[in-house]
Amino acid sequence: MANNSFRGSKHGRRGEANHETEFSCSLQELRSLMELRGAEAITRIQECYGDVNGLCGRLRTSPVEGLDGNLEDINRRKQDFGQNVIPPKKPKTFVQLVWEALQDVTLIILEVAAIISLGLSFYSPPDAERQNCGEAAGGVEDEGEAEAGWIEGAAILLSVVCVVLVTAFNDWSKEKQFRGLQSRIEQEQKFTVVRGGQVIQIKVSEIVVGDIAQVKYGDLLPADGVLIQGNDLKIDESSLTGESDHVKKTLDKDPMLLSGTHVMEGSGKMLVTAVGVNSQTGIIFTLLGAGEEEDKGKKGKQHITACNCSCVKDGATVEMQPLNEDREQDNKKKNLPKKEKSVLQGKLTKLAVQIGKAGLFMSTITVIILITRFLIDTFWIQGVVWSAECVPIYVQFLVKFFIIGVTVLVVAVPEGLPLAVTISLAYSVKKMMKDNNLVRHLDACETMGNATAICSDKTGTLTMNRMTVVQAYIAGHHYKKVPESDLIPVKILDLLTLGIGVNCAYTTKIMPPEREGGLPRQVGNKTECALLGFTLDLHRDYQSIRNEIPEEKLFKVYTFNSVRKSMSTVLKNHDGSYRMFSKGASEILLKKCCQILMSSGEAKAFKSRDRDDLVKRVVESMASEGLRTICLAYRDFPASEGEPDWDNEAQILTGLTCVAVVGIEDPVRPEVPDAIRKCQRAGITVRMVTGDNINTARAIATKCGILHPGDDFLCLEGKEFNRRIRNELGEIEQERIDKIWPKLRVLARSSPTDKHTLVKGIIDSTVLEQSQVVAVTGDGTNDGPALKKADVGFAMGIAGTDVAKEASDIILTDDNFSSIVKAVMWGRNVYDSISKFLQFQLTVNIVAVIVAFSGACITQDSPLKAVQMLWVNLIMDTFASLALATEPPTEALLLRNPYGRNKPLISRTMMKNILGHAVYQLTTIFLLLFLGEKMFDIDSGRNAPLHAPPSEHYTIVFNTFVLMQIFNEFNARKIHGERNVFEGVFNNIIFCAIVLGTLIIQILIVQFGGKPFSCVRLTIEQWLWCIFLGVGSLLWGQVSIPTKWLKFLKTAGHGTQREEIPEEELEEMKDMDEIDHAEMELRRGQVLWCRGLNRIQTQVRCHS
1 MANNSFRGSK HGRRGEANHE TEFSCSLQEL RSLMELRGAE AITRIQECYG
51 DVNGLCGRLR TSPVEGLDGN LEDINRRKQD FGQNVIPPKK PKTFVQLVWE
101 ALQDVTLIIL EVAAIISLGL SFYSPPDAER QNCGEAAGGV EDEGEAEAGW
151 IEGAAILLSV VCVVLVTAFN DWSKEKQFRG LQSRIEQEQK FTVVRGGQVI
201 QIKVSEIVVG DIAQVKYGDL LPADGVLIQG NDLKIDESSL TGESDHVKKT
251 LDKDPMLLSG THVMEGSGKM LVTAVGVNSQ TGIIFTLLGA GEEEDKGKKG
301 KQHITACNCS CVKDGATVEM QPLNEDREQD NKKKNLPKKE KSVLQGKLTK
351 LAVQIGKAGL FMSTITVIIL ITRFLIDTFW IQGVVWSAEC VPIYVQFLVK
401 FFIIGVTVLV VAVPEGLPLA VTISLAYSVK KMMKDNNLVR HLDACETMGN
451 ATAICSDKTG TLTMNRMTVV QAYIAGHHYK KVPESDLIPV KILDLLTLGI
501 GVNCAYTTKI MPPEREGGLP RQVGNKTECA LLGFTLDLHR DYQSIRNEIP
551 EEKLFKVYTF NSVRKSMSTV LKNHDGSYRM FSKGASEILL KKCCQILMSS
601 GEAKAFKSRD RDDLVKRVVE SMASEGLRTI CLAYRDFPAS EGEPDWDNEA
651 QILTGLTCVA VVGIEDPVRP EVPDAIRKCQ RAGITVRMVT GDNINTARAI
701 ATKCGILHPG DDFLCLEGKE FNRRIRNELG EIEQERIDKI WPKLRVLARS
751 SPTDKHTLVK GIIDSTVLEQ SQVVAVTGDG TNDGPALKKA DVGFAMGIAG
801 TDVAKEASDI ILTDDNFSSI VKAVMWGRNV YDSISKFLQF QLTVNIVAVI
851 VAFSGACITQ DSPLKAVQML WVNLIMDTFA SLALATEPPT EALLLRNPYG
901 RNKPLISRTM MKNILGHAVY QLTTIFLLLF LGEKMFDIDS GRNAPLHAPP
951 SEHYTIVFNT FVLMQIFNEF NARKIHGERN VFEGVFNNII FCAIVLGTLI
1001 IQILIVQFGG KPFSCVRLTI EQWLWCIFLG VGSLLWGQVS IPTKWLKFLK
1051 TAGHGTQREE IPEEELEEMK DMDEIDHAEM ELRRGQVLWC RGLNRIQTQV
1101 RCHS
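Counting along the sequence shown from 1, when you hit position 907 you're at 907 in full-length UniProt numbering, and nothing is skipped either side.
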């Protein structure tokens, strides 16, 4: 509790000084002032400026009316004191992104091999010597064919350039999109200031030094300032100081307010003294940026890890704390793995590592077999004698084998996976904005698809948050509708109007409707708006009372918080006595009442029996109709009793006189019952967590469809919940929570701590076979811990505080529960999109690797050349990820249960599809490979010499292989065994465009690619056969064997389980709340693919 104080004249000292050219204090002065705290700061203000009012005068502003809003004056302040913007980290240039893409080790190996091949291809020994090098050297080559040996090496280099440019362009476009998202989030941030005597909201970036800013509960302070008036103001400065205790801010003890800190209680006004890079947060950002540049010179690429926190605006506060600690400790903290919420990323990383290992093994075996066969054939079977002149020829063969092996690795390693994830997430995030979901953290999007439980607030989320008083108990009468004012005694009416007028936040008001015939606009706290509207319904004007008693004349304010569940305001009378007005939850405040006003206007004794009777007749009756009940009361403190101890709340907030109990209606949003039905049908349990009376909560839950008559579910109050989950020592036990949460549907009269306990208990529970993935909604400052603990935290965009928004993963811009259902749909769609991509990519992987391996073993060459494999890789990775990761969601996604944490990425149905199509494709390719020359009456392409020209035979094999992949993309669109693979295909323009584009490029490659692509032109008849075999993929997809018959098939793509982690690594993680699956696999995998994933995850974290 703090005194409400105010210093300064009504008009301040601004006057005509606004038009002077110079301010009377410098930027450096203000910066040094804001580095001081407590008594030291007050002394500096008194010595240099006299008081806060003097500082206002030096900055040419008025503590009451603020700046006049003159554009020239605002621009001058921006010029002299800076703008309230912290410059974002400079984006990487396209050239830097190209350089990063070139760091991929597989591409480097391919480049080196291609350069060696290119160099050696220009060496050609004399024919006589060539004959002595063995038949494998290809003594049958034409003159021009040997000279064209350089084409393959050049084509590989060109293909690598294409892959690098495509990768760099994707990274560049993603970075651009992420910056756009960050910009959108920043544009949503507004703050309340006083300009020209009017209270207005402006963008945070438009705040300037000299502004008078209004601060209130839940705000994240956007600039540094000095308090000029405060009501019970408490600030959480842990982001700067590391101290967890809330700091009281008063004019006489500590008036310094710092940017980046959170208002936990109370309200007030502050004079803005430092903005942007000159504020305390900005100074720390600058230091962090300088430190990062320093590290860049010392450690090279290691700075990427450090940027994860330091370049994220919201994450800056995390980095601030260790500034005063040892450097070594700081580095240790930086190197700790980031807590990972994403279920999908963990599964994908593990799967990619497994595939990468298999690919590395296959490519190594391929190279070994090719070299072994060459040595046996040349030196044993042919009996060729080693000759120094033949070494370049032999090296060319070795390089060729090496290129085949590396190409197998390139195709096998699924580097397209992180790209598919990012494209799918970026596409979904963009579309989700239209569905009123502003995604702050990309991984929250796909995590929402796995949600099994939603813990939702009531007010504003399930209800419309437009509150009105519809019933009242006044002067002994229970009115079922708002009474006429002449039915209420004048004395009580005056008390009601005065109490509501001064004991509601002055920022809360009822404004005229925006258009004629519309409803009045409610600004501020909606419960208080209902009470102010009640005074208007009684034909009384609360604004005239506020004009007579401005906020600075309020003696003391006990602001509302989750512990008090009430708000009280003290007025000092002329005779030295005090009167305190209180409002709060009826069953809590009625217990503190010892008197009640009757119809005569006089107070009578109010005993516990009377209270119980009133609760039963009035409060429970209102609550059973879904009304929120508020008690209005007052207390007088006579001057004769001396000055009360205002800090002793237990003594102050007692002995009240009840004036009225009102019932406030907040109608259920019309779309909510249907949205909850969809959730329940989708296997998601919806729980209501509210601060309201249990009867009110139960009634609203029934209206919403959370509860149904006859259901055997629990509705508990916070106290009862705590009693059941704690042991005799007051400690929370998971076993006790496990007995409650599966049946719990409503938690009423709950505190934010209760919400956090429930969320943590559900997430940590192992009572069900499937681990729970929990989403939580929150709007208050104290909801921060629950929002952070949840797998996905939703903050309210309209009613939510800055603190809640900062702790959240997704902001609901319309505060509507039905938008959460849309988020579920998009999340499931992301998961399905990745599964579709996997189904397609793994089929290509298996076929390409087996074909290359078998060809190497049998024909001593790969039927698919290196350049062709790179083209296949491009289809498989970049194009397929675009085509399959951008499928729009459908309502059908809500007709199945969530996948959950333990569900594998690749189901048995998907495994059946992958292996089934691989069998068809391999059978087709091998038939063409070994019988193709007879089928088409053409020359065989097997056992061709080193620089032999392209053959029709291998061109048909390559063309058929690619066409089978193109048509198999349609099959890959369905992962649950659906027959109609064309359903909804024209709703995805990107898919259609990519399939058509790939087909056109394939035609161009075959008909005009020539030697660089190892292709020759095919006839119409040959093309028709290739297309027929390609379309066969679609027909084969309809030959479906029931999955239940294929019990031997295994699933794949599980996340890392705790039992799989070595004990020494678990020991390192003992201080972490959650296992970071991705980091665990990165440590253990040692696979090249991880470089690409790291880069993309870093970008996601830096720009989300």
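For each residue, glycine too, the CB sits at the ideal point set by N, CA and C.
Three-state class that DSSP yields for residue i in the structure shown
i: aspartate 612; result: helix
i: isoleucine 740; result: helix
i: asparagine 782; result: helix
i: glycine 811; result: Residue identity differs from the one stated: residue 811 is isoleucine in this sequence, not glycine. Isoleucine 811: strand per DSSP, three-state reduction.
i: threonine 459; result: coil
i: cysteine 307; result: Note that cysteine 307 scores a pLDDT of 34, beneath 50, so its modelled location is shaky; the value from the coordinates is reported in the next line. The answer is helix: DSSP assigns cysteine 307 an H, G or I state.
i: glutamate 265; result: strand
i: leucine 233; result: strand
i: alanine 475; result: coil
i: serine 582; result: strand
i: residue 1139; result: Nothing in the structure corresponds to residue 1139, since the chain is present only between 1 and 1104.
i: leucine 59; result: coil
i: serine 485; result: helix
i: valine 161; result: helix
i: methionine 511; result: strand
Beta-carbon proximity of residue i to residue j, cut-off 8 Å
i: aspartate 809; j: glycine 793; result: yes
i: isoleucine 368; j: alanine 852; result: no
i: cysteine 679; j: isoleucine 596; result: no
i: isoleucine 664; j: methionine 467; result: yes
i: serine 259; j: aspartate 236; result: no
i: isoleucine 355; j: proline 414; result: yes
i: alanine 775; j: alanine 697; result: no
i: lysine 592; j: threonine 654; result: yes
i: arginine 681; j: isoleucine 706; result: no
i: arginine 31; j: alanine 274; result: yes
First through last residue of the alpha helix (DSSP H) which encompasses residue i
i: glutamine 868; result: 866–874
i: methionine 910; result: 908–935
i: phenylalanine 401; result: 391–412
i: isoleucine 376; result: Run containing isoleucine 376: none; DSSP gives neither H nor E here.
i: glutamine 1002; result: 989–1008
i: arginine 942; result: Per DSSP, arginine 942 belongs to no alpha helix (DSSP H) and is neither H nor E.
i: glutamine 28; result: 27–34
i: arginine 960; result: Note on identity: in this sequence residue 960 is threonine, with arginine being the wrong assignment. Taken as a continuous stretch (DSSP letters only), the alpha helix (DSSP H) holding threonine 960 covers 952–972.
i: methionine 825; result: 817–859
Cβ shell of residue i (< 6 Å), same chain only, five flanking positions each side left out
i: glutamate 551; result: Tyr506
i: asparagine 695; result: Glu620, Ala623, Ser624
i: residue 1150; result: For residue 1150 there is no data in the structure shown, the boundaries of the chain being 1 and 1104.
i: histidine 868; result: The sequence shown places glutamine at residue 868, not histidine. If we look at glutamine 868 and ignore the five residues flanking it on each side, its Cβ neighbours are Phe958.
i: aspartate 738; result: Ser765, Val767
Cβ-based neighbour list, residue i, same chain, cut-off 7 Å, excluding 5 preceding and 5 following
i: serine 862; result: Ile404, Ala852, Gly855, Ala856
i: isoleucine 202; result: Lys190, Phe191, Val193
Beta-carbon proximity list for residue i, same chain, < 8 Å, skipping 5 on both sides
i: valine 502; result: Ile545, Arg546, Ile549, Leu554, Thr569, Leu571, Phe581
i: proline 667; result: Thr463, Met464, Arg466
i: lysine 332; result: Reliability fails at lysine 332, whose pLDDT of 37 lies under 50, so the model's placement of it is uncertain and the value that follows must be treated cautiously. The answer is none, since no qualifying residue turns up.
Distance between beta carbons of residue j and residue i, contact taken as under 8 Å
i: isoleucine 811; j: alanine 795; result: 5 Å
i: arginine 579; j: tyrosine 634; result: 6 Å
i: tyrosine 217; j: threonine 559; result: 6 Å
Segment limits, beta strand (DSSP E) that includes residue i
i: aspartate 437; result: For the record, residue 437 in the displayed sequence is asparagine; it is not aspartate. Its beta strand (DSSP E) spans residues 437–439.
i: aspartate 636; result: 628–637
i: serine 239; result: Careful: serine 239 lies outside any beta strand (DSSP E), inside the alpha helix (DSSP H) at 238–241.
beta-carbon residue i near the ligand FAD non-hydrogen atom, thresh 7 Å
i: threonine 696; result: You won't find the ligand FAD in this model; it holds no ligand whatsoever.
Interface flag, residue i vs chain C, CB-CB below 8 Å
i: threonine 813; result: As a matter of chain content, chain C is missing from the structure shown, which is built from one protein chain.
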